[in-house]
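Visitor: Residue numbers (this note's numbering), protein chains in the order written: chain A, 48 to 689; chain B, 8 to 385.
Built from N, CA and C at the ideal position, the CB exists for glycine as well.
Source: prediction; values computed, not measured.
1) I think residue 226 (chain A) touches residue 507 (chain A), with their Cβ atoms under 8 angstroms apart; what is that distance to the nearest whole Å?
2) Taking the C-alpha atoms as reference points, what is the distance between residue 485 (chain A) and residue 402 (chain A)?
3) Any chance the CB of residue 570 (chain A) is under 7 angstroms from a heavy atom of the ligand NAD?
4) Leaving out five residues before and five after residue 222 (chain A) in sequence, what residues of the same chain have Cβ atoms less than 6 angstroms from its Cβ?
5) For a contact defined as C-beta to C-beta under 9 angstroms, what are the partners of residue 515 (chain A) on chain B?
6) I need the straight-line Cα distance from residue 224 (chain B) to residue 242 (chain B), nearest angstrom please.
7) Does chain B have any CB closer than 8 angstroms to the CB of residue 630 (chain A)?
8) What three-state label does DSSP hand residue 92 (chain B) in the structure shown?
9) Nearest CA to the CA of residue 563 (chain A): which residue from A:550, A:552 and A:541?
10) Just to confirm my understanding: we take residue 37 (chain B), look at its own chain, exclude 5 residues before and 5 after, and list those with CB closer than 8 angstroms. What are they?
11) Mapping DSSP to helix, strand and coil, what is residue 624 (chain A)?
12) Counting C-beta neighbours from all protein chains within 10 Å, is the total for residue 200 (chain A) 16 or more, i.e. buried, or is it exposed?
13) Within a Cβ cutoff of 6 angstroms, which residues of the same chain sit near residue 616 (chain A), ignoring the five residues on either side of it in sequence?
14) Out of B:158, B:155, B:162 and B:120, which has the shortest C-alpha to C-alpha gap to residue 140 (chain B)?
15) Are any of the Cβ atoms in chain A nearer than 8 angstroms to that of residue 331 (chain B)?
16) Hey, does residue 104 (chain B) have any beta-carbon neighbour from chain A nearer than 8 angstroms?
17) Go ahead and pull the three-state DSSP assignment for residue 431 (chain A).
18) If contact means a Cβ-Cβ distance below 7 angstroms, which residues of the segment 598-632 of chain A contact chain B?
19) So, using beta-carbon positions, are residue 68 (chain A) and residue 572 (chain A) closer together than 8 angstroms?
20) Identify every residue that forms a DSSP beta bridge with residue 514 (chain A).
21) Please state whether DSSP places residue 350 (chain A) in a helix, a strand or coil.
22) Is it right to say residue 178 (chain A) is buried, meaning 16 or more other beta carbons lie within 10 angstroms of its own, or is it exposed?
23) For the segment 272-292 of chain A and the segment 400-417 of chain A, state whether three or more C-beta atom pairs, one from each stretch, are separated by less than 8 angstroms.
24) In this structure, does DSSP put residue 16 (chain B) in helix, strand or coil?
25) Against residue 242 (chain A), what residues of chain B qualify as contacts under a CB-to-CB distance less than 7 angstroms, listed in chain order?
26) Here's the rule I'm using: 16 or more other beta-carbon atoms within 10 Å means buried, otherwise exposed. How should residue 65 (chain A) be labelled?
27) Going by C-alpha to C-alpha distance, which of B:237, B:33 and B:328 sits closest to residue 375 (chain B)?
28) Does the separation of the CB atoms of residue 282 (chain B) and residue 334 (chain B) fall below 8 angstroms?
29) With DSSP as the reference, label residue 53 (chain A) as helix, strand or coil.
30) Using a C-beta to C-beta distance shorter than 7 angstroms, which residues of chain B count as neighbours of residue 524 (chain A)?
31) Go through its chain and collect everything with a Cβ distance to residue 668 (chain A)'s Cβ below 7 angstroms, but skip five positions before and after it.
32) From the DSSP output, in three-state form, read off residue 420 (chain A) for me.
33) For residue 354 (chain A), count neighbouring C-beta atoms within 10 Å of its own C-beta (all shown protein chains included) and say buried if the count is 16 or more, exposed if not.
34) What three-state label does DSSP hand residue 426 (chain A) in the structure shown?
35) Please report how far the alpha carbon of residue 625 (chain A) lies from the alpha carbon of residue 275 (chain B), in whole angstroms.
36) Look up residue 136 (chain B) in the DSSP assignment and say whether it is helix, strand or coil.
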């Protein structure tokens with residue numbers, strides 16, 4: 048037995064790892080079944096109690112129930128994040144390819160788009176539909192042919208054409224970055240789980256929104272306009288008192304109780320100088336008790352040393368806090384001219400936890416982003432830190448001077464579509480419309496703020512050039528038929544192997560189970576996506592996986608025919624089949640690799656399962672089957688091979 | 008169970024007969040392609056496709072009546088899944104100019120219905136969208152929502168609070184849905200699938216697909232040239248060409264004849280690449296035996312060695328081919344509409360691929376060796 052020990056450990060390890068990786072998927076399946084049972088039960092109850100309830104109301108009520116289930120058990124969310132992901136074709140959803148409309152952008156940023164300009168632009172657009180050349184290049188060429196200087200429409204008189212054209216190309220690329228940021232921002236707020244927003248080439252954006260059934264609504268998310276606002280951040284004292292009220296409401300305390308608990312809360316807040324979410328070490332209260340008495344401060348940390356009342360919310364608690372804030376009784380406790388908004392990005396502390404910042408801001412904006420004419424991220428000559436400078440038009444500059452003048456030493460939040468990107472302090476009254484925002488952590492933060500500031504004034508016109516939507520019911524049908532086919536395929540092939548090769552065949556059939564387990568395990572481990580063609584890939588692998596076994600078994604039979612013992616035949620059978628197995632599988636693997644390069648979405652899923660399938664089935668055939676065969680022979684079991 | 012254990016058949020002696028078979032299949036394929044051409048799915052052709060699931064059964068004829076006069080020209084209709092599913096497809100990606108006034112009219116009617124007598128201006132109109140300007144921001148917001156609910160793609164031109172402009176886009180799919188919703192009020196539907204592919208993307212994908220198939224052939228040529236002799240690699244790749252072309256021919260010849268949607272789309276390209284992978288697998292296994300036997304029997308003529316190798320690997324060829332065909336067949340039957348063409352390609356591809364590894368790949372190597380009087384040593 049000793050000789051097998053290492054390989055046995057390897058095999059058991061692989062099996063255990065696959066099971067471990069698949070565990071969340073299994074749990075997630077059970078959770079969603081459980082949740083949908085509760086929901087349908089609740090739906091029945093609500094309908095009985097109120098037969099005339101409207102569809103929307105019913106949906107709202109059920110959403111609250113669903114949220115509370117999720118809230119009660121955080122492991123539901125964790126399992127969901129770690130399960131084998133399903134592609135859009137299986138769970139339903141929407142995939143859109145957007146392309147920035149360069150012509151529209153040029154028209155928008157041109158100094159004086161007269162008729163000549165429009166005509167040239169139209170010609171350039173028409174031509175670009177037929178060629179691979181960019182609109183900017185074609186535009187430049189046509190202008191050149193007609194002897195018109197580009198500086199008539201863009202840039203400064205002193206600049207030559209090439210210089211301006213380069214700048215325009217840069218603008219077009221910036222527009223892609225802007226559109227991406229706007230879309231990402233919106234999609235995040237829309238609450239799509241696991242969205243994917245990728246840039247393809249220089250002008251395209253691929254957006255994938257799983258589980259989005261209402262395609263019309265989702266399409267609106269993708270339009271390239273955004274609202275940029277400057278709003279005042281509330282004073283810390285005021286913000287703190289509102290938070291306290293919320294905490295009390297959530298703890299179920301009536302307003303009379305508040306005075307009694309004031310001291311503890313104040314103390315808690317001051318104790319929370321570190322960002323730890325519920326650092327109650329200096330408190331007599333245990334963690335449990337603190338959570339009960341201060342449900343809001345348990346998840347929203349404060350840093351009193353900073354002199355602000357910004358809340359810090361752990362990544363995983365963000366949704367939770369949002370739900371707390373949306374509760375009607377909590378809403379009643381918040382004055383109706385203010386609201387809480389989260390920061391757009393989270394930051395990570397030294398101990399690896401990541402936090403979102405929760406700001407309390409005025410509902411009314413002081414100014415909106417339409418007045419911004421330009422923004423640019425640069426390095427400050429004096430301090431060599433990254434800064435963003437922003438310019439406003441005349442009208443904006445006047446208002447900005449008034450606003451900044453009235454709010455020196457206060458903070459103004461820069462908000463794009465409802466999330467806060469920065470909340471700088473006003474140092475002094477800014478006249479002339481030129482402002483500088485300091486305190487950037489690095490180039491990427493500065494660049495992001497530049498994009499955000501421009502997003503309000505310069506739209507990024509995008510066209511939808513490809514769109515695919517799959518409804519959830521079609522996806523479910525596909526899952527069912529895929530699962531059925533896989534099961535049937537497995538039964539047939541397994542039965543066939545046992546029939547053909549007897550005991551050896553049953554080893555092969557068993558190893559087939561492991562192959563499928565490994566494929567799924569590796570998919571989960573790599574966080575890869577399972578698509579319908581991916582399921583087809585698994586089914587195909589079930590058929591093809593036995594190939595290595597067949598090659599080996601046929602060789603063993605040949606060796607047995609020359610009069611060798613079973614043990615010797617197994618060894619030389621494996622050895623001789625080896626080169627054929629490796630050569631043939633490597634070539635197939637190569638085609639899988641090319642397919643992965645070429646394909647998109649579902650096809651990539653297929654290529655991936657095909658490649659993983661090859662690796663998994665090779666492991667099964669060359670390691671598992673061999674060890675099992677050897678062990679059986681060593682134990683004196685008479686191994687039959689048909 | 009055993010089959011072909013002591014098989015000793017002179018496969019390659021009969022190769023002339025099989026050349027004829029291949030030539031015939033090839034001819035049918037090429038003729039099919041020339042006469043009937045390929046039918047590309049919307050992935051490659053570009054266009055719009057929606058699949059609708061109605062609550063009650065609908066007939067294609069009835070639907071045709073509804074969509075024929077909405078100005079989209081030639082609209083293709085098919086059942087999808089069962090009696091309640093309908094697939095609507097058109098090559099168009101944008102609402103044609105001719106019905107633009109009709110679409111505009113619909114939008115204007117909707118505006119008038121919401122705010123009778125509201126003055127508005129059309130400030131911009133392009134091939135895909137119209138921009139309206141209204142007297143004040145509130146009516147603009149209300150109209151954006153209202154029209155959106157009725158199925159038009161509307162949006163504000165900017166998110167500034169004083170925005171008074173609304174852009175309305177109308178895609179083909181929206182136009183079809185708006186019309187059907189209107190005409191089939193007693194039989195509501197939900198959208199199962201909606202796809203729209205622009206012409207540029209289609210062209211790019213077609214190029215990509217061809218490049219992918221050629222790339223895989225090239226990689227195989229290099230790898231096998233390295234592992235075997237170059238002529239073996241050439242034989243294998245010619246066999247692959249043969250498989251792909253015959254299967255493609257089958258596609259062209261059988262389109263509309265079988266109850267399977269034999270349109271060439273992305274999934275079918277994936278099937279073709281898989282077929283390339285499977286077929287090469289088969290060829291390599293025969294070649295591997297030939298390589299081994301050439302080492303053992305140094306004096307025997309190549310024809311004999313090849314025959315011996317093919318005979319020895321025949322039971323494996325049939326078994327693996329068999330199990331794979333079983334699973335592909337199950338996929339063909341149960342895999343649903345989406346995977347049917349995929350399974351069909353593989354089903355025939357596997358049969359042709361198995362055949363070609365013997366009669367094309369090996370035969371070609373033999374022909375070359377006999378003509379050049381070359382002996383292979385490994």
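Guide: Taking the definition as stated:
1) 4 angstroms
2) 21 angstroms
3) For the ligand NAD, the structure offers nothing, since it holds no ligand at all.
4) 147, 152 and 507
5) 200, 201, 202, 203 and 204
6) 12 angstroms
7) yes
8) strand
9) A:541
10) 252 and 256
11) helix
12) buried
13) 603, 606 and 607
14) B:162
15) yes
16) no
17) coil
18) 598, 601, 626, 627, 630 and 631
19) yes
20) A:143 and B:203
21) coil
22) exposed
23) yes
24) coil
25) Within chain B, no residue comes near residue 242 (chain A); the closest Cβ sits about 18 angstroms away, beyond 7 angstroms.
26) buried
27) B:237
28) no
29) helix
30) 343
31) 558, 595, 596 and 599
32) strand
33) exposed
34) strand
35) 32 angstroms
36) strand
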